[in-house]
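Note that the protein sequences, when read in sequence, are chains A and B.
Residue numbers 1 to 248, in the numbering used here, belong to the letters of the first sequence in order.
Residue numbers 1001 to 1228, in the numbering used here, belong to the letters of the second sequence in order.
From the three backbone atoms N, C-alpha and C, an ideal C-beta is built for every residue, glycine too.
Right, one structure below, let's go through it.
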Amino acid sequence: MWSFFHKLGSPPWLYGISGSILRWLLPLTLLALVAGMVWGLLFTAPDFRQGNSYRIIYIHVPAAVVALAGYYVMALAGAVNLIWKMKMADVAMKAAAPIGAALTFIALLTGAIWGKPTWGTWWVWDARITSMLILLFLYLGVVALYEAFDNKEAAGKACAVLSLVGMVNIPIIYKSVDWWYSLHQPASIKFTGESTIDPSMLYPLLLMITAFYALFTCCLLMNMRAELLRRESRTNWVRKLAQGAGRG
Amino acid sequence: MSAPSTTRFCARLVRRQLVLAVRRPIEIGNPLLFFAMVVALFPLGLGPAPGQLATFAPGILWIIALLSNLLTSDGVFRSDFDDGSLEQLLLSPQPLYLSVLAYIAAHWLITGLLLALVSPLFALMLNLPGAAIGSLVASLLLGTAVLSLLGGIGAALTVGLKRGGMLISLLILPLYMPVLIFGSAAVKAAVTGAPVGPYLALLGAMLSLAIALAPMAIAAGLRISIDA
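Next comes the structure, spelled out in structure tokens:
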């Protein structure tokens, strides 16, 4: 048990293990993405009111779900760094921020594209949309704060504090639809009780959500590997790796 | 000399900050002047029709309160960081949680409290109905205290940075937004005659939460900034 934790703190070990995870996770993710996309776009019935335009749901909802979950990943990694001073958690936190920001942006963008044909407008100041915009600002704030510090160890800690503070906002974001109900529909998928979405649309959507989680994990690992190489660029194992790659 | 008790220590900290502020009256006056200036901008931008201004007045007043709080938050720890007294505070045996709270309390007394007290004047200039003025003051009293606490987090995290000014707004404006929503909603409710109590209660809840948690984040932020 303890040796596992010690290994987690070792950059070469993490680099190696993440490489072997990616070797099978990445193809699987791409497969799930393609399968979910084809299933959702070609083999489901059009919505009786929204026609085909609703199909953007297969991008919009997974991106939004994973963007929210990504914030928790970032904040928890930051907390682990603050409490146990684990450098690898700092790497994970730094790697998660831009991915989360990108997913939030995708959710906002697809939402706008979806809103035009169905609501007749690109943008409304609805509670949930506004909350996602705030989430984007929170992500960008973490990225900006990290860049502002010259001392990268302090940068990691400061960002960890900031993301934990921002985490207080996440439940507000999540419950906002129930609090300030307006144009945006409430959540259709419920863990308890009957979902208000037809099963034929639900299953491809669930597949896409799973695929987006896997995609997030892949991007996170790849980002972490790049960051590891950058931080450890002066060490022996990176030099050996670079020379090995050069010869091969 | 024996160390003073924590209560006395914090009281002295507040008093010191207030004395420092009183000796530089322009520091106290600046946020209020800022408030007055921006109030004057809105009729110029939106047109002077009284009815229209009255509709926007709750939001306008709250946004300006938020911005003036943002501008002053940056300096809460700045001078004490520069002259090293903040480092002494961190080394002292007094609990940092309470000393930080003393700093924030002093900041709120100088900015938020004064702003809330003069806000009826600006509210009348924007034609806000008289019935809503009481809830404007009450919501500002509660809300600006939350803003001061949140602003302190941004100030603590950026105090060691050369170019903190623009960054702090990116960091803490997202955190200000729930306060803005409920603060202006309280005033709007008062204008329409709806009950204001629930909104004030929510602001009070946020204040309790912020008092409990924000000083911890501020203390952590100060430690990080001093170490860097």
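Assign residue i to one of two classes, buried (16 or more other C-beta atoms within 10 Å of its C-beta) or exposed (fewer than that).
{"i": "I83/A", "result": "exposed"}
{"i": "V61/A", "result": "buried"}
{"i": "S163/A", "result": "buried"}
{"i": "N1069/B", "result": "buried"}
{"i": "N81/A", "result": "buried"}
{"i": "W941/B", "result": "Outside the displayed range of chain B (1001 to 1228) lies residue 941/B, so it cannot be described from this structure."}
{"i": "I961/B", "result": "Summary: the structure shown does not reach residue 961/B, with chain B confined to residues 1001 through 1228, and so no result is reported for it."}
{"i": "A245/A", "result": "exposed"}
{"i": "R128/A", "result": "buried"}
{"i": "P117/A", "result": "exposed"}
{"i": "T1007/B", "result": "exposed"}
{"i": "P254/A", "result": "Absent from the structure is residue 254/A, since the part of chain A shown begins at 1 and ends at 248."}
{"i": "P1031/B", "result": "buried"}
{"i": "W1108/B", "result": "buried"}
{"i": "S176/A", "result": "Note that S176/A scores 46 on pLDDT, short of 50, meaning its location in the model is unreliable and no value can be drawn from it."}
{"i": "S20/A", "result": "exposed"}
{"i": "A1065/B", "result": "buried"}
{"i": "G156/A", "result": "buried"}
{"i": "S1099/B", "result": "buried"}
{"i": "S1085/B", "result": "exposed"}
{"i": "T1158/B", "result": "buried"}
{"i": "S18/A", "result": "buried"}
{"i": "G248/A", "result": "Confidence in G248/A is poor, its pLDDT being 48 and thus under 50, which makes the residue's placement too unreliable to answer from."}
When the distance is taken between beta carbons, is residue j closer than 8 Å to residue i?
{"i": "M1216/B", "j": "V1179/B", "result": "no"}
{"i": "G1221/B", "j": "A158/A", "result": "yes"}
{"i": "M167/A", "j": "A75/A", "result": "yes"}
{"i": "T1111/B", "j": "S1148/B", "result": "yes"}
{"i": "A1214/B", "j": "Y1097/B", "result": "no"}
{"i": "V249/A", "j": "F216/A", "result": "It is not possible to answer for residue 249/A, since the shown part of chain A is limited to 1 through 248."}
{"i": "A32/A", "j": "A214/A", "result": "yes"}
{"i": "L207/A", "j": "A35/A", "result": "yes"}
{"i": "I106/A", "j": "A144/A", "result": "no"}
{"i": "A211/A", "j": "T44/A", "result": "no"}
{"i": "G78/A", "j": "A148/A", "result": "no"}
{"i": "D1074/B", "j": "A1155/B", "result": "yes"}
{"i": "Y146/A", "j": "K94/A", "result": "yes"}
{"i": "L241/A", "j": "L14/A", "result": "no"}
{"i": "G1051/B", "j": "S1184/B", "result": "no"}
{"i": "T104/A", "j": "Y72/A", "result": "no"}
{"i": "F1042/B", "j": "L1071/B", "result": "no"}
{"i": "A1201/B", "j": "P1195/B", "result": "no"}
{"i": "L68/A", "j": "C218/A", "result": "no"}
{"i": "A1131/B", "j": "V1187/B", "result": "no"}
{"i": "L1044/B", "j": "L1053/B", "result": "no"}
{"i": "G9/A", "j": "K87/A", "result": "yes"}
Identify, in the order they occur along the chain, each residue of the same chain with its Cβ nearer than 6 Å to the Cβ of residue i, setting aside the five sequence neighbours on each side.
{"i": "L108/A", "result": "M132"}
{"i": "A1057/B", "result": "L1126 and L1128"}
{"i": "Y181/A", "result": "Confidence at Y181/A is low in this model, with a pLDDT of 48, below 50, so the placement of that residue should be treated as unreliable; the coordinate-derived value is given next. Once the five neighbours on either side are set aside, Y181/A has no close Cβ partner at all."}
{"i": "L1101/B", "result": "P1215"}
Measure how close the beta-carbons of residue i and residue j come, nearest whole angstrom, since I'm counting them as under 8 Å.
{"i": "Y54/A", "j": "D47/A", "result": "4 Å"}
{"i": "A1228/B", "j": "G1165/B", "result": "That pair is no contact at about 18 Å."}
{"i": "A154/A", "j": "I1224/B", "result": "5 Å"}
{"i": "L1170/B", "j": "G141/A", "result": "5 Å"}
{"i": "G1143/B", "j": "L1203/B", "result": "5 Å"}
{"i": "L1117/B", "j": "I1028/B", "result": "Not confirmed; about 12 Å, so no contact."}
Kindly examine the ligand NAD and report whether one of its heavy atoms sits closer than 7 Å to the Cβ of residue i.
{"i": "I1060/B", "result": "The ligand NAD is not part of this structure, which contains no ligands at all."}
Along chain D, in chain order, which residues have C-beta atoms closer than 9 Å to that of residue i?
{"i": "L1200/B", "result": "Among the chains of the structure shown, chain D does not appear; the protein chains present are A and B."}
Quick one: what's got a C-beta closer than 8 Å to residue i's C-beta in the same chain, skipping five residues either side?
{"i": "A1036/B", "result": "F1122"}
{"i": "L1090/B", "result": "L1096, L1222, R1223 and I1226"}
{"i": "L183/A", "result": "Annotation note: pLDDT 47 at L183/A (below 50); position unreliable, no value reported."}
{"i": "L41/A", "result": "R55 and Y58"}
{"i": "G1134/B", "result": "A1190"}
{"i": "L136/A", "result": "A101, T104, F105 and L108"}
Who are the Cβ neighbours of residue i in its own chain at under 7 Å, not counting the five residues just before and after it?
{"i": "N52/A", "result": "P46"}
{"i": "I56/A", "result": "T110, I113 and W114"}
{"i": "A12/A", "result": "The question names Ala, but residue 12/A is Pro in the sequence shown. Excluding positions up to five away in sequence, the list reads W237."}
{"i": "Q1017/B", "result": "Y1103 and A1106"}
{"i": "S1119/B", "result": "L1061, L1136, V1137 and L1140"}
{"i": "L1150/B", "result": "I1172, L1175, Y1176, A1210 and A1214"}
{"i": "Q1094/B", "result": "T1006 and F1009"}
{"i": "I1153/B", "result": "I1172, A1214, A1217, I1218 and G1221"}
{"i": "W122/A", "result": "A112, G115 and K116"}
Inset, instruction - Could I get the ranges of all uninterrupted alpha helix (DSSP H) runs contained in the region 1016-1078 of chain B, with 4 residues as the minimum, in chain order? - result: Runs of the alpha helix (DSSP H) inside the region 1016-1078 of chain B: 1025-1046 and 1050-1073.
Inset, instruction - For the region 32-56 of chain A, list the alpha helix (DSSP H) runs that are entirely contained and at least 4 residues long, ordered along the chain. - result: none
Inset, instruction - Would you mind listing the alpha helix (DSSP H) stretches within the region 70-120 of chain A that are 4+ residues and don't spill past its ends, in chain order? - result: Counting whole runs of 4 or more residues, the region 70-120 of chain A contains the alpha helix (DSSP H) stretches 87-119.
Legend entry - Complete alpha helix (DSSP H) runs within the region 1168-1217 of chain B (minimum length 4 residues, chain order): Counting only runs of 4 or more, we get nothing.
Inset, instruction - Report the residue ranges of all alpha helix (DSSP H) runs contained in full by the region 132-161 of chain A; include only those spanning at least 4 residues, in chain order. - result: none
Legend entry - Segments assigned alpha helix (DSSP H), at least 4 residues, entirely inside the region 1121-1172 of chain B: 1133-1158
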